Each structure stands twice: as C-alpha cells, then as structure tokens.
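Note sheet for the following structure.
Numbering (the numbering used here), first residue to last: 238 to 510.
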C-alpha cells in the first residue's frame, strides 16, 4: 500500500514537472511574441521580474532594460513593456477603457470574495463600467470644487508645519533636513480623511504614522505587487495574512480611536440644542 502511494506521488510529481517544462519550452520557442528581445531568464520564468519588484526600484531597472533591448522589452514569459509614448494614448486614451481589460495582476489588490467586487481590480469591462457609474457623481467637477475647503484647511496646517520646521533662521545651511515625502503623505491622508469623515485623522499634527496606516499601506503594496504576478496564491495568502494580523489590526484601531468617537459626537450634537 505504501509502495503504491509512493509510486502515485512520484507519477504526480513527474507530471507536474513535465507540465512546467512544456510551458517553459513553449514560452521559449513557440510563443507568438517569442522574438521580442529581453533577458533570457525572462523568457522562462517570472522569478526575475519578481526579484526586481522586491528590490523596490523596478522603474529604474525597466529604463535600463529599454536602453539595452529597445522600445519593446520582454520582462516575463507573458510580460512586455512598451516605451512608445503613442502606446499610452492607444491603451489609456479616452474611449479605450472598453477595449483593454485589466490583467489578473490586479486580483491581489482586492479581496478574493467575488461577492465584493472592486472598481480598482475588476477585470470584466462591462461590470467595471457599471461599478464606476456608481461613483461618477463624486468625481464630477461640481463635487471636486466642493472638496476645496477640505484641502484649504489641510494646506494651511501643512504650511504652518513647514514654517515651524524651517525655523526663523535666515541661513539655509542652518535649516533642518525635512523628509518632504513623508509630510506630503501625511497631508494626503488628512485630506482624504477630511473628505471621507469631515475630520482629519491628525497626521499633520506631529507628522507621525497614526495607527500604523502608512506602514500597513506600504506592506500591502509590497505584498500585492509580488503576489499579483502569481494571483493564484492570493486567495490562500489573503486569509493567512488576515489571521496573522489578529483582532486589533488597522480597521479596529481606526474605528475605535478616531471614527466612532467623532461620529458619536457629531450625531449627538445634531439633537442637542
């Protein structure tokens, strides 16, 4: 019995290896776009691409690849980068959304539950258009103009913080170094929370990462950028990550520390006079 089970496992392993080898050979010699230049390893596997993503500067690596191989580069078995400016208009231009569906890469940026579709990651063109119509009014020009006050309040605080950090010194050499990227991120988060909740979460108050929001976002983007290359792993890893996060993760922290107290006060103030 054990011998038979062992033989079946060996046969299954041999079948999997044979399948992978066949795919590699097909991508190398028979794929319709096999003649597009690129690294040799990229023709066989996405591991080279994943390695570049994990390093966090694929945009620079991609520029180097284009300088070496030309305007169209193969960076994976079925991945290609196009440098032509005209290509952006063809793919992303007005009226082109119904011609190019999003790839499976975006699956890692949303929940794997099909009953909770995401506008950002939805691959079906018609269903994506239907979802997008639900939010069109919030992006209309009249709506955008109404958000200006939220920006103004945060901009005033941001300006005040920059002046405080710059100090009163007339000499630029005496001014402290400022991580402008971090402060702009604080500004963006406070603006978004103002639009969503009519209240800042307080990122601009001290320039700190409240409730680990920034760290959480960076971690999620790193995860999604890598797992997006292998989206079949996402349904499993999504639940594993949720279990490891525990009960006191980002949403409960924000909910109980910031959102609920504010909404409770706002609700009560409407009925107390």
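No residue lacks a Cβ here, since even glycine has one placed at the ideal position from N, Cα and C.
Note that the coordinates shown come from a computational prediction; the quantities given were computed from them, not determined experimentally.
Identify the residues that DSSP records as bridge partners of residue 316: which are they? In the chain shown, the residue the question calls residue 316 occupies position 79. In DSSP, residue 316 forms a bridge with 313.
Residue closest to residue 395, alpha-carbon to alpha-carbon, out of 370, 274, 433, 443: Taking the first residue of the chain shown as position 1, residue 395 is located at position 158. Ranking 370, 274, 433, 443 by Cα distance to residue 395 puts 443 first.
Residue 307 and residue 286: beta carbons closer than 8 Å? Within the chain shown, residue 307 is the residue found at index 70, counting from 1. Within the chain shown, residue 286 is the residue found at index 49, counting from 1. If you check the CB distance, residue 307 and residue 286 do not come in under 8 Å.
Report the option in 350, 432, 256, 419 whose CA atom is closest to the CA atom of residue 475. Mapped onto the chain shown, residue 475 falls at position 238. Check the Cα spacing between residue 475 and each of 350, 432, 256, 419: the tightest is with 350.
Got a sec? Which residues, its chain only, sit under 7 Å from residue 471 by beta carbon, not counting five neighbours each side? In the chain shown, counting from the first residue as 1, residue 471 sits at position 234. Hits under 7 Å: 344, 345, 349, 464.
List the endpoints of the continuous alpha helix (DSSP H) containing residue 376. Translated into the one-based positions of the chain shown, residue 376 becomes position 139. No alpha helix (DSSP H) contains residue 376, which DSSP labels as neither H nor E.
Answer yes or no: do residue 440 and residue 432 have a C-beta to C-beta separation smaller than 8 Å? Position 203 of the chain shown holds residue 440. Position 195 of the chain shown holds residue 432. In this structure, residue 440 lies away from residue 432, with their beta-carbon atoms at least 8 Å apart.
Assuming residue 275 contacts residue 319 under a Cβ cut-off of 8 Å, what Cβ separation, rounded to an integer in Å, is found between them? One-based indexing of the chain shown puts residue 275 at position 38. One-based indexing of the chain shown puts residue 319 at position 82. Under the criterion of beta carbons closer than 8 Å, residue 275 and residue 319 do not qualify as touching, at roughly 12 Å.
Can residue 354 be considered in contact with the ligand SAH, in the sense that its beta carbon sits closer than 7 Å to one or more heavy atoms? This structure lacks the ligand SAH, and indeed carries no ligand of any kind.
When burial is assigned at 16 or more other CB atoms within 10 Å of the CB, is residue 493 buried or exposed? Sequence index remark: in the chain shown, residue 493 carries index 256 (1-based). Note that residue 493 scores a pLDDT of 48, beneath 50, so its modelled location is shaky; the value from the coordinates is reported in the next line. A residue is called buried once 16 or more other Cβ atoms fall within 10 Å of its Cβ, and residue 493, having fewer, is exposed.
Rounded straight-line distance, which links the Cα of residue 425 to that of residue 364: Looking up residue 364 in the chain shown gives position 127. Looking up residue 425 in the chain shown gives position 188. Straight-line Cα distance between these residues: approximately 30 Å.
Alpha carbon to alpha carbon, what distance is there between residue 283 and residue 298? Here residue 298 refers to the residue found at position 61 when the chain shown is read from its first residue. Here residue 283 refers to the residue found at position 46 when the chain shown is read from its first residue. Residue 298 and residue 283 have their alpha carbons spaced roughly 15 Å apart.
So, residue 450 versus residue 388, is the Cβ gap smaller than 8 Å? As a working note, residue 450 is residue 213 in the chain shown. As a working note, residue 388 is residue 151 in the chain shown. No, the pair does not count as a contact, with Cβ atoms beyond the cut-off.
Alpha carbon to alpha carbon, how far is residue 261 from residue 421? Give it in angstroms, no decimals. Residue mapping note: residue 421 aligns to position 184 of the chain shown, counting from 1. Residue mapping note: residue 261 aligns to position 24 of the chain shown, counting from 1. Straight-line measurement puts the Cα of residue 261 at about 45 Å from the Cα of residue 421.
Option in 280, 312, 305 with minimal Cα separation from residue 295: Walking along the chain shown from the start, residue 295 turns up at place 58. Nearest option by C-alpha distance: 312.
Would you please state the rounded distance, in angstroms, between the beta carbons of residue 579 and residue 280? I believe it to be under 8 Å. Nothing can be reported for residue 579: it is not among the residues displayed for the chain, which extend from 238 to 510.
I'd like the list of long-range same chain contacts for residue 398, defined as Cβ closer than 8 Å, with 5 residues on each side in sequence excluded. Along the chain shown, one-based indexing puts residue 398 at 161. Closer than 8 Å at the Cβ level, and outside the excluded window around residue 398, lie 420, 441, 444.
Residue 466 and residue 342 look like a contact to me (Cβ under 8 Å); what is the Cβ gap, rounded to whole Å? Residue 466 sits at position 229 when you count from the first residue of the chain shown. Residue 342 sits at position 105 when you count from the first residue of the chain shown. The distance from the Cβ of residue 466 to that of residue 342 is about 7 Å, consistent with a contact at the 8 Å cut-off.
Extract the residue ranges of the alpha helix (DSSP H) inside the segment 404 to 469, only unbroken runs of 4 or more that lie entirely within it. Here the runs fully enclosed are 417 to 434, 440 to 443, 450 to 464.
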